[in-house]
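Engineer:
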Amino acid sequence: MITGTATSGQPSEESRATTAVEPEERPDGADDQEREAEPRRPAVRFLRSRRHLIALSVLCALSAALNWTLSLLRFAHFQLSTYDLVIFDQAVRGYSRFSAPTVPLRGVTGNLGMDYIQLADHFSPILAVLAPFYWLHDGPETLLVAQAVLFALAIPFVWMFTRRVLGTPHAYLVSVAYAISWPIAQATAVEFHEVAFVPLLTAIAVERLHAGRRLPGLLAVLGLLLTKEDLGLMVVGLGAWLFFTGQRRLGAGLAFAGVTVFEVVRKFLIPLAGGNPAYYTRYSKLGEDLPQMLWSAVTRPHEFVAMLFDAHPKWDTWGLLLWPSLFLCLLSPLVLAALPLILERLLADSDNWWSTGWHYDAFVIVIVLMAGVDGAARLIRWLERRGVPRPGHGLRLAYAAAVFAVAVTTVPYRPFDNLMNPDFYHPDPRTAAREQAMSMVPDGVVVEASDDFGARLSGRTTVLWWDYQKRGTPWIVASINNDLRGLIDSYLTEGYELRLDRDDIVVLHRIGA
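Its first residue numbered 742, the sequence shown is counted upward by one per residue in my numbering.
Given below as structure tokens:
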């Protein structure tokens, strides 16, 4: 990394070059003509600020509309799976009714009971802030719209950070690149997860701390700690970034807080809620907990590093995740904030976590893009110090344009491309049969549902996942194939009646339920 040195308690000269300036100032290194052309009159500055406010509001609205259009169309066409949307829907519904965030679907599937609470699965108390929206509409669609809006609200903070470091037109290019980035598209396409809060909170934390506004930055960090148990690791990374850019006390404090919260939540709060702290700790080659993993990294560094690249999906994740910043994020200490979560995924035994096919990359995309912006600025200053004649403005704009172009080129290969396909807007041939099946299920009952039905039924029933285990559930609604016909016949011999069998869609009702 290209970093500056710092004495204790004082930022280095290089870190000062990227610390806070007033929002209307040009980035460090801007041409003298640009500085002289900066309007001085308050009225002109106000009009410029108002234009930016309108432009950013439009950009946020378009981004949110893009996200929720993709989500809601997939929801309407039975393309969203039961896991994990129904789990979060049940949890937020519990909060909205001032009761425990129970998740019967997760509890019954794991043989943990109907009263299993979401905090025992993942520590995400921040979900409670979505409860008031369930008073307006009680159903999974609320979560899909909320996630779309939360993703979009990160845009102004990405814009402010980029404008401060590179410039105004550059900020718009990078902000659009974030809005259409493949990790955001991928997270949007795989229902709803707690990651919905992370781009916004990380953007606020990084931008405000970079601007020297500690209180809002630290409040955003607190929000991260309430979003998921392993985001304490991200807070450790944020602390490392601050430490290596001169804010040593604050950085060390955040790193300590991140490790402490991570360990307390995993070892005390999750078990207190009825969860198993070892359930998501899948690092058999390294150790059972964080201290053992760190010890393995120190005593077996070659093996530790090799594990980050020992499978093809890991190479894909590295490349696809770093490519949106043109790999210049590696030149910024800010990339340290993303590193712990990336290591957590790629060092795990579960190959499901290595893939780019889920929502995990959305946890760090904001940091990667912001680190790329900072890395580009550092590279340009490095070139200037070595006598390259006035590379600043042209290279800054070229970098921002390239980041935008990279984001555009990934759209056809990720879920946003569905919106460019006319067939995506039309229901499939089995939609009528699915609608008929749902109409046969009364409100308020317990129903086992296959993946395509769970989300659509969750707003008015208690949904369990149909995993072929016979539990005597009153209703079963499922899409089947020929291999499952024998299973359906066995239900009929054990007290169920077949209410519907159409287009390989069945509705079963337990007699006397």
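All C-beta atoms in this analysis are idealised placements derived from N, C-alpha and C, irrespective of residue type, glycine included.
1. For a quick check, are the C-beta atoms of residue 1118 and residue 981 less than 9 Å apart?
2. Does the pairing of the region 1201 to 1217 with the region 1181 to 1190 give three or more beta-carbon distances under 8 Å?
3. Sort 920, 1034, 1030, 1250 by Cα distance to residue 1144 and report the nearest one.
4. Residue 900: buried (16+ other C-beta within 10 angstroms of its C-beta) or exposed?
5. For residue 1024, report the span of its beta strand (DSSP E) as first-last.
6. Can you tell me which of the three DSSP states residue 928 falls into?
7. Which value, in whole angstroms, describes the spacing of the CA atoms of residue 1227 and residue 1090?
8. Does the region 944 to 961 come within contact of the region 835 to 849, defined as at least 3 CB pairs closer than 8 Å?
9. Taking C-beta to C-beta, are residue 926 and residue 1157 nearer than 9 Å?
10. So, does the region 1028 to 1045 touch the region 1101 to 1108, judging by three or more C-beta pairs under 8 Å?
11. Am I right that residue 1258 and residue 1100 are in contact with their C-beta atoms under 8 Å? What's the rounded C-beta distance?
12. Does the Cβ of residue 777 have 16 or more other Cβ atoms within 10 Å, making it buried, or fewer, making it exposed?
13. Tell me the rounded alpha-carbon separation between residue 1236 and residue 1252.
14. With a threshold of 8 Å, are at least 3 pairs of Cβ atoms found where one atom belongs to the region 961 to 978 and the other to the region 1120 to 1130?
15. In the structure shown, what three-state DSSP assignment does residue 1249 receive?
16. Using the Cβ count rule (16 or more neighbours within 10 Å means buried), how would you classify residue 892?
17. Buried or exposed: residue 969, going by 16 or more other Cβ atoms within 10 Å of its Cβ?
18. Of the choices 842, 830, 1189, whose alpha-carbon is the least far from that of residue 866?
19. Within the same chain, show all residues whose beta-carbon is closer than 8 Å to that of residue 773, passing over the 5 residues directly before and after it, in chain order.
20. Is the separation between the beta-carbon of residue 1148 and that of residue 918 shorter than 9 Å?
21. Pick helix, strand or coil for residue 1221, following the three-state DSSP scheme.
22. What does the alpha-carbon distance come out to for the pair residue 915 and residue 932?
23. Pull the bridge partners of residue 1057 from the DSSP assignment, please.
24. Where do the ends of the alpha helix (DSSP H) carrying residue 1044 lie?
25. How many whole angstroms separate the CB atoms of residue 836 and residue 869, which I take to be in contact at a CB cut-off of 8 Å?
26. Please name the residue in 1029, 986, 882 whose C-alpha comes closest to that of residue 818.
27. For residue 994, which of 979, 1007, 821 has the nearest alpha-carbon?
28. In terms of residues, what are the limits of the beta strand (DSSP E) holding residue 843?
29. For residue 1237, does the three-state DSSP call read helix, strand or coil?
30. Under a Cβ-count criterion, where at least 16 other Cβ atoms within 10 Å of its own Cβ denotes burial, should residue 898 be classed as buried or exposed?
31. Which residues bound the alpha helix (DSSP H) around residue 1085?
32. Going by DSSP in three states, residue 1011 sits in which element: helix, strand or coil?
33. For residue 1188, which of helix, strand or coil comes out of DSSP?
34. Measure the C-alpha to C-alpha separation of residue 1191 and residue 1159 and round it to an integer number of angstroms.
35. Please list, in chain order, all residues of the same chain as residue 757 whose beta carbon is under 8 Å from its beta carbon, the five residues on each side excluded.
36. If you drop the 5 nearest sequence neighbours on each side, which residues of the same chain put their C-beta closer than 8 Å to that of residue 1179?
Structural biologist: In short, the structure shows the following:
1. Here the question's residue 1118 lines up with position 377 in the sequence shown. Here the question's residue 981 lines up with position 240 in the sequence shown. At least 9 Å separates the beta-carbon of residue 1118 from that of residue 981.
2. yes
3. In the sequence shown, the residue the question calls residue 1144 occupies position 403. Out of 920, 1034, 1030, 1250, 920 has the C-alpha closest to the C-alpha of residue 1144.
4. Residue 900 sits at position 159 when you count from the first residue of the sequence shown. Around the CB of residue 900, 16 or more other CB atoms lie within 10 Å, so the residue is classed as buried.
5. Within the sequence shown, the letter at position 283 stands for residue 1024. That residue, residue 1024, is in no beta strand (DSSP E); it is neither H nor E in DSSP.
6. By one-based count along the sequence shown, residue 928 stands at place 187. Three-state DSSP puts residue 928 in a helix.
7. Locating residue 1227 in the sequence shown gives position 486, where the first residue counts as 1. Locating residue 1090 in the sequence shown gives position 349, where the first residue counts as 1. About 35 Å.
8. no
9. On the sequence shown, position 185 is the one that residue 926 refers to. On the sequence shown, position 416 is the one that residue 1157 refers to. Yes, they are a contact pair.
10. The way I'd put it, the region 1028 to 1045 doesn't touch the region 1101 to 1108; fewer than three beta-carbon pairs between them come closer than 8 Å.
11. Beyond the ends of the chain as shown, which are 742 and 1254, falls residue 1258; an answer cannot be given.
12. Here residue 777 refers to the residue found at position 36 of the sequence shown. Bear in mind that a pLDDT of 38 at residue 777, under 50, signals an unreliable position, so the number given afterwards is only what the model happens to contain. Exposed is the call here.
13. Working through the sequence shown from its first residue, we reach residue 1236 at position 495. Working through the sequence shown from its first residue, we reach residue 1252 at position 511. Their Cα atoms are separated by approximately 6 Å.
14. no
15. By one-based count along the sequence shown, residue 1249 stands at place 508. Strand.
16. Here residue 892 corresponds to residue number 151 of the sequence shown, with the count starting at 1. Sixteen is the threshold: when 16 or more other Cβ atoms of the shown chains lie within 10 Å of the Cβ of residue 892, as they do, the residue is buried.
17. As a position in the sequence shown, residue 969 is number 228, starting the count at 1. By the neighbour-count rule (16 or more Cβ atoms within 10 Å), residue 969 is buried.
18. Counting from 1 along the sequence shown, the entry for residue 866 is found at position 125. With distances taken between Cα atoms, residue 866 lies closest to 842.
19. Taking the sequence shown and counting its residues from 1, the one referred to as residue 773 is at position 32. Confidence in residue 773 is poor, its pLDDT being 37 and thus under 50, which makes the residue's placement too unreliable to answer from.
20. Start at 1 with the first residue of the sequence shown, and residue 1148 comes out as number 407. Start at 1 with the first residue of the sequence shown, and residue 918 comes out as number 177. For the 9 Å CB-CB criterion, residue 1148 and residue 918 form a contact.
21. Position 480 of the sequence shown, counted from the first residue, corresponds to residue 1221. Coil at residue 1221, not helix or strand.
22. On the sequence shown, residue 915 is found 174 positions in, with the first residue counted as 1. On the sequence shown, residue 932 is found 191 positions in, with the first residue counted as 1. Computed Cα separation, rounded: 26 Å.
23. Within the sequence shown, residue 1057 is the residue found at index 316, counting from 1. Partner(s): none; residue 1057 has no beta bridge.
24. By one-based count along the sequence shown, residue 1044 stands at place 303. For residue 1044, the enclosing alpha helix (DSSP H) has its first and last residue at 1042 to 1047.
25. Working through the sequence shown from its first residue, we reach residue 836 at position 95. Working through the sequence shown from its first residue, we reach residue 869 at position 128. A Cβ-Cβ separation of about 4 Å places residue 836 in contact with residue 869 under the 8 Å criterion.
26. One-based indexing of the sequence shown puts residue 818 at position 77. Ranking 1029, 986, 882 by Cα distance to residue 818 puts 882 first.
27. Numbered from its first residue, the sequence shown carries residue 994 at position 253. Nearest option by C-alpha distance: 979.
28. Here residue 843 refers to the residue found at position 102 of the sequence shown. Run containing residue 843: none; DSSP gives neither H nor E here.
29. Residue 1237 sits at position 496 when you count from the first residue of the sequence shown. If DSSP states are grouped into helix, strand and coil, residue 1237 belongs with the strands.
30. Position 157 of the sequence shown, counted from the first residue, corresponds to residue 898. That one is buried.
31. Indexing the sequence shown from 1 puts residue 1085 at position 344. It spans 1080 to 1087 - the alpha helix (DSSP H) in which residue 1085 sits, taken as one unbroken run.
32. For the purposes of this step, residue 1011 is taken as the residue at position 270 of the sequence shown. DSSP, read as helix, strand or coil, puts residue 1011 in helix.
33. To locate residue 1188, count along the sequence shown from 1; it is residue 447. Three-state result, residue 1188: strand.
34. Locating residue 1191 in the sequence shown gives position 450, where the first residue counts as 1. Locating residue 1159 in the sequence shown gives position 418, where the first residue counts as 1. In this structure, the alpha-carbon of residue 1191 lies about 23 Å from that of residue 1159.
35. One-based indexing of the sequence shown puts residue 757 at position 16. In this prediction, residue 757 has a pLDDT of 41, which is less than 50 and means its spatial position is unreliable; what the coordinates show is noted afterwards. Taken in chain order, the residues that qualify are 987.
36. Numbered from its first residue, the sequence shown carries residue 1179 at position 438. The answer, listed in chain order, is 1194, 1197, 1198, 1218.
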